[in-house]
Amino acid sequence: MPSIVIKAPPDKVFEAMSDLTRHVSWAKHDIVITGDQEGSPAVGNTYSSSKAGGKPDRLTITSLTPNESIDFHVVMPNKWEMDWQMSISPDGDVTKVERTGRITTIPWYMAPMKLLDSMAAPMDDKKLTQKMKADLEG
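The sequence shown begins at 13 in my numbering and counts up by one.
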(Lines of atoms letter the chains of each structure in order from A; the text may use other names.)
(Lines give C-alpha, C1' and ligand atoms only; values in the text may rest on other atoms or scores of the structure.)
Protein backbone atom coordinates (compact mmCIF):
# COMPACT_ATOMS: atom_id res chain seq x y z
CA MET A 13 0.00 0.00 0.00
CA PRO A 14 1.21 3.43 -0.64
CA SER A 15 1.34 5.48 2.50
CA ILE A 16 -1.44 7.89 3.36
CA VAL A 17 -1.44 11.01 5.50
CA ILE A 18 -4.32 11.49 7.94
CA LYS A 19 -5.09 14.76 9.67
CA ALA A 20 -5.46 13.22 13.12
CA PRO A 21 -3.17 12.60 16.10
CA PRO A 22 -1.20 9.32 16.18
CA ASP A 23 -3.02 7.94 19.23
CA LYS A 24 -6.42 8.35 17.52
CA VAL A 25 -5.16 6.72 14.31
CA PHE A 26 -3.49 3.85 16.17
CA GLU A 27 -6.55 3.20 18.33
CA ALA A 28 -8.67 2.85 15.18
CA MET A 29 -6.27 0.70 13.17
CA SER A 30 -5.48 -1.64 16.07
CA ASP A 31 -9.20 -2.34 16.58
CA LEU A 32 -9.58 -4.96 13.87
CA THR A 33 -13.38 -4.95 14.29
CA ARG A 34 -13.33 -1.35 13.05
CA HIS A 35 -11.79 -2.36 9.73
CA VAL A 36 -15.24 -3.38 8.47
CA SER A 37 -16.07 0.26 7.74
CA TRP A 38 -12.98 0.55 5.51
CA ALA A 39 -13.27 -2.80 3.70
CA LYS A 40 -14.12 -3.11 0.02
CA HIS A 41 -16.63 -5.88 0.73
CA ASP A 42 -19.49 -6.07 3.21
CA ILE A 43 -17.81 -8.07 5.99
CA VAL A 44 -18.17 -8.74 9.68
CA ILE A 45 -15.19 -8.97 12.06
CA THR A 46 -15.73 -10.23 15.59
CA GLY A 47 -13.22 -10.58 18.39
CA ASP A 48 -12.95 -13.84 20.30
CA GLN A 49 -12.15 -11.95 23.51
CA GLU A 50 -13.03 -8.71 25.31
CA GLY A 51 -10.72 -5.80 25.99
CA SER A 52 -7.97 -3.94 24.24
CA PRO A 53 -6.10 -5.46 21.28
CA ALA A 54 -3.11 -7.57 22.34
CA VAL A 55 -0.68 -10.06 20.85
CA GLY A 56 -2.42 -13.42 20.57
CA ASN A 57 -5.93 -11.98 20.28
CA THR A 58 -7.97 -13.77 17.64
CA TYR A 59 -10.81 -12.64 15.39
CA SER A 60 -13.19 -14.08 12.80
CA SER A 61 -13.81 -12.22 9.56
CA SER A 62 -16.38 -13.20 6.96
CA LYS A 63 -18.81 -12.05 4.33
CA ALA A 64 -22.46 -12.78 5.10
CA GLY A 65 -22.94 -16.54 5.15
CA GLY A 66 -19.33 -17.30 4.25
CA LYS A 67 -16.80 -19.40 6.09
CA PRO A 68 -14.72 -17.17 8.36
CA ASP A 69 -11.11 -16.17 8.00
CA ARG A 70 -9.09 -16.45 11.23
CA LEU A 71 -7.06 -13.38 12.22
CA THR A 72 -4.42 -13.36 14.96
CA ILE A 73 -2.50 -10.32 16.21
CA THR A 74 1.17 -11.30 16.00
CA SER A 75 2.85 -8.05 17.06
CA LEU A 76 1.65 -4.81 18.60
CA THR A 77 3.69 -1.77 19.58
CA PRO A 78 1.37 0.93 20.98
CA ASN A 79 1.16 4.05 18.83
CA GLU A 80 3.56 2.51 16.30
CA SER A 81 2.46 -0.71 14.60
CA ILE A 82 0.24 -3.76 14.54
CA ASP A 83 0.85 -7.01 12.65
CA PHE A 84 -1.69 -9.74 12.12
CA HIS A 85 -1.79 -13.13 10.41
CA VAL A 86 -4.80 -14.29 8.39
CA VAL A 87 -5.73 -17.91 7.64
CA MET A 88 -8.48 -18.26 5.03
CA PRO A 89 -10.79 -21.26 4.58
CA ASN A 90 -9.24 -21.89 1.14
CA LYS A 91 -5.85 -22.41 2.88
CA TRP A 92 -4.36 -19.08 1.81
CA GLU A 93 -2.38 -17.35 4.55
CA MET A 94 -1.33 -13.72 4.67
CA ASP A 95 0.65 -11.42 6.95
CA TRP A 96 -0.37 -7.77 7.31
CA GLN A 97 1.41 -4.88 8.98
CA MET A 98 0.07 -1.41 9.64
CA SER A 99 2.36 1.26 11.05
CA ILE A 100 2.09 4.94 11.85
CA SER A 101 4.52 7.80 12.20
CA PRO A 102 3.67 11.31 13.40
CA ASP A 103 4.61 14.24 11.19
CA GLY A 104 3.64 17.54 12.78
CA ASP A 105 -0.15 17.71 13.02
CA VAL A 106 -0.71 14.72 10.72
CA THR A 107 -0.06 10.99 10.95
CA LYS A 108 1.43 8.89 8.15
CA VAL A 109 -0.03 5.38 7.83
CA GLU A 110 1.58 2.51 5.94
CA ARG A 111 -0.04 -0.86 5.30
CA THR A 112 1.74 -3.82 3.77
CA GLY A 113 0.59 -7.35 3.16
CA ARG A 114 2.01 -10.47 1.66
CA ILE A 115 0.75 -13.93 0.87
CA THR A 116 2.73 -16.42 2.95
CA THR A 117 1.00 -19.69 2.01
CA ILE A 118 -1.06 -20.69 -1.00
CA PRO A 119 -2.10 -24.18 -2.15
CA TRP A 120 -0.05 -25.21 -5.18
CA TYR A 121 -3.14 -25.61 -7.37
CA MET A 122 -4.12 -21.98 -6.69
CA ALA A 123 -0.68 -20.49 -7.47
CA PRO A 124 -1.89 -18.70 -10.65
CA MET A 125 -4.36 -16.78 -8.49
CA LYS A 126 -1.44 -15.19 -6.63
CA LEU A 127 -0.57 -13.22 -9.78
CA LEU A 128 -4.14 -12.00 -10.22
CA ASP A 129 -4.32 -11.02 -6.56
CA SER A 130 -1.14 -8.96 -6.83
CA MET A 131 -2.61 -7.03 -9.76
CA ALA A 132 -5.90 -6.25 -7.97
CA ALA A 133 -4.45 -5.47 -4.52
CA PRO A 134 -3.33 -1.88 -5.24
CA MET A 135 -6.90 -0.90 -6.19
CA ASP A 136 -8.29 -2.44 -3.00
CA ASP A 137 -5.64 -0.74 -0.86
CA LYS A 138 -6.46 2.67 -2.33
CA LYS A 139 -10.16 2.26 -1.49
CA LEU A 140 -9.35 1.08 2.02
CA THR A 141 -7.03 3.98 2.73
CA GLN A 142 -9.48 6.53 1.34
CA LYS A 143 -12.24 5.16 3.59
CA MET A 144 -9.89 5.09 6.58
CA LYS A 145 -8.85 8.70 5.94
CA ALA A 146 -12.47 9.88 5.60
CA ASP A 147 -13.46 8.05 8.79
CA LEU A 148 -10.62 9.43 10.92
CA GLU A 149 -10.72 12.97 9.57
CA GLY A 150 -14.52 13.21 9.66
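C-beta atoms are modelled at their ideal positions from N, C-alpha and C, and glycine is treated no differently.
These figures come from a predicted structure and were not determined experimentally.
Item                                                                                                            : Value
GLU152, DSSP secondary structure in three states                                                                : Any answer about residue 152 is impossible in this case: the structure gives the chain only from 13 up to 150.
Other residues of its chain near VAL106: CB distance less than 6 Å, five sequence neighbours each side excluded : VAL17 and LYS19
Span separating the alpha-carbon of PRO102 from that of PRO21                                                   : 7 Å
Of the listed residues ALA64, HIS85 and GLU80, nearest to LEU71 (C-alpha basis)                                 : HIS85
Residues near TYR121 in its chain [Cβ-Cβ closer than 8 Å; skip 5 each side]                                     : none
Neighbour-count burial assignment, ASN57, 16 or more Cβ in a 10 Å radius                                        : buried
CB contact flag (VAL55, THR74, <8 Å)                                                                            : yes
Whole-Å CB distance - ILE45 paired with LYS63, under 8 Å assumed                                                : Not quite, the Cβ-Cβ distance comes to about 11 Å (not below 8 Å), so this is no contact.
In DSSP terms, what MET94 is bridged to                                                                         : VAL86 and ILE115
Distance CB(SER60)-CB(PRO68) smaller than 8 Å                                                                   : yes
Sub-8 Å separation of MET94 and ARG114 beta-carbons                                                             : yes
Span of the beta strand (DSSP E) around ASP69                                                                   : 69-77
Which of helix, strand or coil DSSP assigns to SER37                                                            : helix
Straight-line gap, LYS143 to GLU149 (C-alpha atoms, nearest Å)                                                  : 10 Å
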